Amino acid sequence: MKNVRKWCGILLLSGLLLLAACMVLSFAGCSGPDRASVSSGASAEPGVSDAQDAEILLSRSESRSVYGVEAPSAEDGRLLVSQEIDQVPSEPSEPEMEEESAASQGMPEQGEAVMLAKRTQPAQPVEGEARGVWFSYLTLGPLAKNKTQAEFASNIDTAFGKIADEGFNTVFAQVRPFADALYQSDYFPWSYLLTGTEGENPGYDPLEIMCEIADKHGLRIEAWINPYRVRLSGYKDALSSKNQARKWLKSGSDSVVEWNGGIYYNPGSAQARALIVNGVKEIVANYNVDGIHFDDYFYPTTDMAFDQATWRAAKSSLPQADWRRENVNQLVREVYTAVKSIDPNCLFGISPQGNTQNNYNGQFIDVEKWLANPGYLDYICPQIYYGFENGTNPYAQTVEKWDRMIKVPTIKLYVGIAAYKLGTEDQWAGAGSGEWLNTEDILARMVETARKASHYGGFAIYSYDSLFSTDTPQVRIERENLKKIL
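Throughout, this note's numbering is defined as the position within the sequence shown, counted from one, plus 726.
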């Protein structure tokens, strides 16, 4: 019996020694040359030691896709994970898309997703989705001012080539920013952006060239118009003698209003409305555009003095605020009808602010009415310029809110995304103010989130300059990760 106990003790001691040896070898392997080579290229986060410089992305996503996780390169500085993730747990009620350092969080719990910058199985694009870029007058101006036709065409060819190469398929080109025209118009003067002087012919037609080059690169092009804005500051003397706003100002017509240094067409004026609609008609009739696009500028002020005289003269039974909304409703209906009467395949869409209360009470637009009744729009593109962690309007919930507002089955939801916030502090975001500072794939995640909407039709990135003229490592990797899902 003593011998039996003796041999049992020896066997137990041997097992313990063997287990200890395995543990030593395991830890030695974790700190060996391969691990060092991965972390050597990474810049550690503040407060993370050299031994803990790998980061992990914890994502509690609604997606049920299976992602394979590839070994990171030295540049990635990511935690090595060899196994595939079988299931991604459901997202809780509040979005939690955030980076957390390994030093503060340790390894993920069982079932949590470890998502790297590079996915081996990227999300598939939605068939027919619009993948757009806003090409504003701030971009067009430097490409066009005092340029020859050949120089302008070359500049546009380069820009549109970049857009197409990154997987986008739509350009929203701003061709009437200030009651002027970057095209040959019978109603509006040549834009000062082309030569420095309003009304001066540049010797070529920028919109015609943009349409041709868009077609060359397989891009759709929509003509982006600001309907009411004439000037943001009162350069009245800089207006062309042929500018209708100048003529109305000179005659004292209420079809145009000077307000706080700016000049605006009066939304309550039938003359102004007819001018805007005629300007849309000539674009659709004369140019190979795929759509007409309005942005978020409608009434310039909440001060009722702006158009009180016009409201009183109209003798409307509506309160002035509702009368204002109906003025915009009428313009939107007439533009939609005009577009479809010329080209039924040409789209008409509007990009309002993402905050619905600001739209209703600040811009005096009744978006819910547009989305609940046919005859107003083909698509709505709210500017959901909020992060996932925004304290007031978190991105995912705001997308869902807009999706629920659409009652007409044929109206599509495009989502406007704020690339201009990359690398900046979002001062109005509350607890999420730092969300945009150090991102790698927030644009891609926003597109993937938008694709879950039942009325989803596409997205638009603001702006071209934010994606292609801002050359930082953050913007480059954001572009790369976005391209993977397009």
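Ideal Cβ positions, reconstructed from N, Cα and C, are used throughout, including at glycine.
As the structure is a computational prediction, the values presented were derived from the model and not from experiment.
- Boundaries of the alpha helix (DSSP H) harbouring Ile1002: Ala996 to Asn1012, taken from the DSSP string.
- Short of 7 Å from the beta carbon of Ser1180, and not among the five residues preceding or following it, lie these beta carbons of its own chain, in chain order: Asp1129.
- As a beta-bridge residue in DSSP terms, Leu1139 pairs with Ile1106 and Tyr1182.
- Rounded to the nearest whole angstrom, the C-alpha separation of Ile1068 and Trp1096 is 21 Å.
- Around the beta-carbon of Glu855, 16 or more other beta-carbon atoms lie within 10 Å, marking it buried.
- The continuous alpha helix (DSSP H) containing Trp1128 extends over residues Tyr1121 to Met1131.
- Counting only runs of at least 4 residues, the segment 1024-1086 fully encloses the following alpha helix (DSSP H) elements, listed from N- to C-terminal order: 1034-1040 and 1046-1068.
- In this chain, the alpha helix (DSSP H) harbouring Ile889 covers Gln875 to Asp891.
- Beta-bridge partners of Val982 (DSSP): Tyr991.
- Going by DSSP, Arg972 is part of no beta strand (DSSP E) but of the alpha helix (DSSP H) stretching over Gln970 to Ser977.
- Our two residues, Asn1087 and Trp974, have alpha carbons roughly 28 Å apart in a direct line.
- Around the beta carbon of Arg1171, a 10 Å sphere encloses 16 or more other beta carbons of the protein chains shown; the residue is thus reported as buried.
- Pro1199 counts as exposed, since fewer than 16 other beta carbons sit within 10 angstroms of its beta carbon.
- When the Cα atoms are used, Tyr1112 and Thr1165 turn out to be separated by approximately 14 Å.
- Closest in C-alpha terms to Lys968, from the list Tyr1190, Pro915 and His943, comes Pro915.
- For Ile1203, the enclosing alpha helix (DSSP H) covers residues Pro1199 to Lys1209.
- Burial check for Met1030: the Cβ neighbour count within 10 Å stays below 16, so the residue is exposed.
- Taking one beta carbon from each stretch, the segment 1069-1083 and the segment 1036-1051 have fewer than 3 pairs nearer than 8 Å; the two do not touch.
- Per the coordinates, the alpha-carbon of Gly893 lies some 9 Å from the alpha-carbon of Lys1210.
- By the beta-carbon neighbour count (other beta carbons within 10 angstroms, threshold 16), Lys1133 is exposed.
- Taking the CA atoms as reference points, Glu1161 sits about 34 Å from Arg902.
- For Gly1017, the beta-bridge partners assigned by DSSP are Glu948 and Leu1073.
- DSSP, reduced to helix, strand and coil, places Trp860 within a strand of the structure shown.
- Beta bridge pairing from DSSP links Arg957 with Ile989.
- Partner residues in the beta bridge of Thr896, as assigned by DSSP, are Gly858 and Arg946.
- By the neighbour-count criterion, in which a residue is buried when 16 or more other Cβ atoms sit within 10 angstroms of its Cβ, Glu1115 is buried.
- In the structure shown, the three-state DSSP call for Trp916 is strand.
- Take Ser1192, set aside five residues on each side of it, and the residues of its chain with a beta-carbon closer than 6 Å to its own are Ala1145 and Tyr1146, in chain order.
- With respect to the 8 Å criterion, Pro932 and Leu920 are classified as neighbours on the basis of their beta carbons.
- CA-CA distance, Asp1104 to Arg999, rounds to 20 Å.
- Per the coordinates, the alpha-carbon of Arg957 lies some 7 Å from the alpha-carbon of Tyr990.
- Residues Glu1115 and Gly1117 of the same chain have their beta carbon placed closer than 8 Å to that of Ala1157, with the five preceding and five following residues left out of the count.
- As computed with DSSP, Ile1187 is found in a beta bridge with Val859 and Ile1143.
- Contact between Val1065 and Val1125 does not hold, since the beta-carbon distance rounds to 26 Å and is not under 8 Å.
- Under DSSP, Arg902 forms a beta bridge with Ile951.
- In the displayed model, Ala1155 falls within coil according to three-state DSSP, outside both helix and strand.
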